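In the working numbering, each residue's number is its place in the sequence shown (first place is 1) plus 531.
Cβ atoms here follow ideal geometry from the backbone N, Cα and C, with glycine treated the same way.
Computed from a predicted structure; not experimentally measured.
Here the structure is laid out as structure tokens; the discussion comes afterwards.
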Amino acid sequence: MSAEPSLPTPSPAPRFGVWFIGARGSVATTAIAGCAAVTAGLRPPTGMVTETPDFTSCGLPPLSSLVFGGHDTVDCPLPKRAEHLVAGGVLPHGLPSAVHAELVAADREIRPGGPLPGDTDDGSGRHDDELIDVFAADMRDFAHRQGLTGAVVVNVASTEPAPTDGSLPPSSLYAAAALRAGFPYVNFTPSAGLHHPALAGQAATASVPHTGRDGKTGQTLLRSVLGPMFLQRALAVRAWSGTNLLGGGDGAALADPAAAAAKNAGKERVLADTLGTTPEGEVHIDDVPALGDWKTAWDHIAFDGFLGARMVLQTTWQGCDSALAAPLVLDLARLVARARERGLSGPLGELGFYFKDPVGDGPSSLAEQYAELRRFAGRLRDDAGDRGAQR
Ligand SMILES: NC(=O)c1ccc[n+]([C@@H]2O[C@H](COP(=O)([O-])OP(=O)(O)OC[C@H]3O[C@@H](n4cnc5c(N)ncnc54)[C@H](O)[C@@H]3O)[C@@H](O)[C@H]2O)c1
Numbered sequence: 532m533s534a535e536p537s538l539p540t541p542s543p544a545p546r547f548g549v550w551f552i553g554a555r556g557s558v559a560t561t562a563i564a565g566c567a568a569v570t571a572g573l574r575p576p577t578g579m580v581t582e583t584p585d586f587t588s589c590g591l592p593p594l595s596s597l598v599f600g601g602h603d604t605v606d607c608p609l610p611k612r613a614e615h616l617v618a619g620g621v622l623p624h625g626l627p628s629a630v631h632a633e634l635v636a637a638d639r640e641i642r643p644g645g646p647l648p649g650d651t652d653d654g655s656g657r658h659d660d661e662l663i664d665v666f667a668a669d670m671r672d673f674a675h676r677q678g679l680t681g682a683v684v685v686n687v688a689s690t691e692p693a694p695t696d697g698s699l700p701p702s703s704l705y706a707a708a709a710l711r712a713g714f715p716y717v718n719f720t721p722s723a724g725l726h727h728p729a730l731a732g733q734a735a736t737a738s739v740p741h742t743g744r745d746g747k748t749g750q751t752l753l754r755s756v757l758g759p760m761f762l763q764r765a766l767a768v769r770a771w772s773g774t775n776l777l778g779g780g781d782g783a784a785l786a787d788p789a790a791a792a793a794k795n796a797g798k799e800r801v802l803a804d805t806l807g808t809t810p811e812g813e814v815h816i817d818d819v820p821a822l823g824d825w826k827t828a829w830d831h832i833a834f835d836g837f838l839g840a841r842m843v844l845q846t847t848w849q850g851c852d853s854a855l856a857a858p859l860v861l862d863l864a865r866l867v868a869r870a871r872e873r874g875l876s877g878p879l880g881e882l883g884f885y886f887k888d889p890v891g892d893g894p895s896s897l898a899e900q901y902a903e904l905r906r907f908a909g910r911l912r913d914d915a916g917d918r919g920a921q922r
């Protein structure tokens, strides 16, 4: 009796890692819970650009293929963190229990971050290079144990003050670790990350794609639409002033004037780039703990019309910060994972649509940035594509 020919074993579906720096924060927790909720069909993917028709056939990893882990310096378990976000009105009631298993699975993959008290570069604790090694080993270990096809490191940790003394801040240690581990890197915060001068060489010649910085989710998003409008209608902006009220961990971190300065620089740069001049006016950020993750941003724009007629536009943006940021973080992880798969490397300026202070010298207006993003999606889609066009 002849043996039945054995059927080939189907290869398991590829899975991609998303390694969050700041994995227990509001943005990361919302992204992890949200990915599970959308995958289970409990919620629609509202706010995810990569779920719109222009992006469906460019080979992005499906949401169901994403596996989460990361570093954090606090140990509040993710299910508990998600309950806090329900209490703050960020996540819908019942969601943390519906996606409990996914939150627990991600929680198991969170490793202690750093630097911790005692880690210094004066020889008495773990020095920078050791920390980079430890972080890179955690990232590699995650990808290895989970059998991942690839993984992307995404910085969503608390905003740091801009470094002043040449030493590497935590965000740059993690960014260097991502490159050492061979993983693409996304900086969703205004912190230095790969922008640190000591890492400029590595960033320019990286064999993996990287992008940033500082997600564009509210006031700056609006500025990148309104700035070009004033310019294109030949209206003269005299002054553009803004005030933000927010609470949560981000509000607390930005109560530090040095951290707020890092954030505000990006907001003001968008105006200079879209208007061609720097109008009078400043941006202020006030920490109002009672507001939690809900942000109110006011802009007051004084402008001149025909024959010097003086006019004013005022806008009020009331947004839930983590709900605005989380879908963009998932978009970026998918786009950059796919870019890596397609052999792209180095800075990805084409993702300026997502950032206040994008890498490269791409356009600053949202409409032009969206057009650039669509062209980029086309490059991801084209499997028979021109390898010569890839970096
Ligand atoms: N939500 C938005 O709309 C938005 C937009 C742009 C940028 N961002 C940026 O995203 C970041 C996260 O925002 P959030 O609201 O989730 O803040 P959050 O305070 O809730 O979370 C930050 C997390 O980072 C952790 N952390 C701090 N130092 C760390 C370190 N050295 N290593 C590892 N983890 C560390 C904290 O413990 C915390 O869990 C902030 O930098 C914020 O400026 C948010």
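How is residue i classed by DSSP in three states: helix, strand or coil?
i	result
His615	helix
Arg642	strand
His631	helix
Arg910	helix
Ala767	strand
Gly732	helix
Val890	coil
Leu878	What sits at residue 878 in the sequence shown is Pro, not Leu. Strand.
Ser772	strand
Pro740	strand
Asp943	Residue 943 falls outside the range modelled here, since the chain spans only 532 to 922, and no answer is possible.
Val687	coil
Ala509	Limits of the chain in this structure are 532 at one end and 922 at the other, which puts residue 509 out of reach.
Val814	strand
Ala723	coil
Return the residue from the list the options that minimises the CA-CA distance to residue i.
i	options	result
Glu811	Val768, Arg671 and Asp892	Val768
Glu813	Asp787, Gly773 and Ala793	Gly773
Phe837	Ser698, Ala765 and Leu863	Ala765
Asp669	Ser537, Gly893 and Gly548	Gly548
Val685	Leu622, His741, Arg800 and Gly732	His741
Arg906	Val617, Val665 and Phe586	Phe586
Ala791	Glu799, Leu802, Val801 and Ile816	Ile816
Ala667	Arg642, His631, Leu679 and Gly678	Arg642
Phe714	Ala803, Gly625, Leu679 and Ala731	Leu679
Ser755	Asp804, Gly619 and Leu704	Asp804
Leu844	Arg912, Pro820, Gly877 and Leu753	Leu753
Glu640	Pro648, His675 and Leu622	His675
Leu822	Ser703, Ala559, Thr695 and Leu616	Leu616
Phe761	Gly807, Phe719 and Asp781	Gly807
Over the uninterrupted beta strand (DSSP E) stretch that includes residue i, give me the two end residues.
i	result
Cys851	Arg841 to Cys851
Gly548	Phe547 to Ile552
Pro701	Premise fails: Pro701 lies in the alpha helix (DSSP H), Pro701 to Ala712, not in any beta strand (DSSP E).
Thr570	Premise fails: Thr570 lies in the alpha helix (DSSP H), Ser557 to Thr570, not in any beta strand (DSSP E).
Asp835	Trp825 to Asp835
Tyr716	Tyr716 to Asn718
Asp603	Leu597 to Asp603
Where does the unbroken alpha helix (DSSP H) through residue i begin, and where does it stop?
i	result
Val801	Pro788 to Leu806
Val665	Asp659 to Arg676
Asp781	Gly779 to Leu785
So, for residue i: in the same chain, excluding its five sequence neighbours on each side, which residues have a beta-carbon less than 6 angstroms away from its beta-carbon?
i	result
Arg657	Asp650
Ala784	Ser689, Thr690 and Ala790
Ala868	Phe547, Pro592, Gly681 and Val683
Asp830	Gly773 and Thr846
Suppose the cutoff is 7 angstroms on Cβ atoms and the five residues either side in sequence are ignored; what does the same chain contact list for residue i look like?
i	result
Leu634	Ile563, Ala564, Leu609, Pro610, Ala613 and Pro627
Ala636	none
Ala929	There is simply no residue 929 to check, as the chain begins at 532 and stops at 922 in what is shown.
Ala786	Asp818
So, for residue i: in the same chain, excluding its five sequence neighbours on each side, which residues have a beta-carbon less than 8 angstroms away from its beta-carbon?
i	result
Asp638	Pro608, Leu609 and Pro610
Do three or more CB pairs link the stretch 544-556 to the stretch 676-689 at distances below 8 angstroms?
In the pairwise beta carbon analysis, the stretch 544-556 is classified as touching the stretch 676-689: at least three pairs are separated by under 8 angstroms.
Cβ contact (3+ pairs, closer than 8 angstroms) linking the stretch 567-585 and the stretch 857-874:
yes
Between the stretch 846-856 and the stretch 708-717, can you find at least three pairs of beta-carbon atoms closer than 8 angstroms?
Under the three-pair Cβ rule at 8 angstroms, the stretch 708-717 does not count as touching the stretch 846-856.
Kindly confirm or deny that the stretch 887-898 and the stretch 794-811 touch, where touching means at least three C-beta pairs closer than 8 angstroms.
yes
Quick one: any contact between the stretch 720-727 and the stretch 820-835, if contact means 3 or more CB pairs under 8 angstroms?
no
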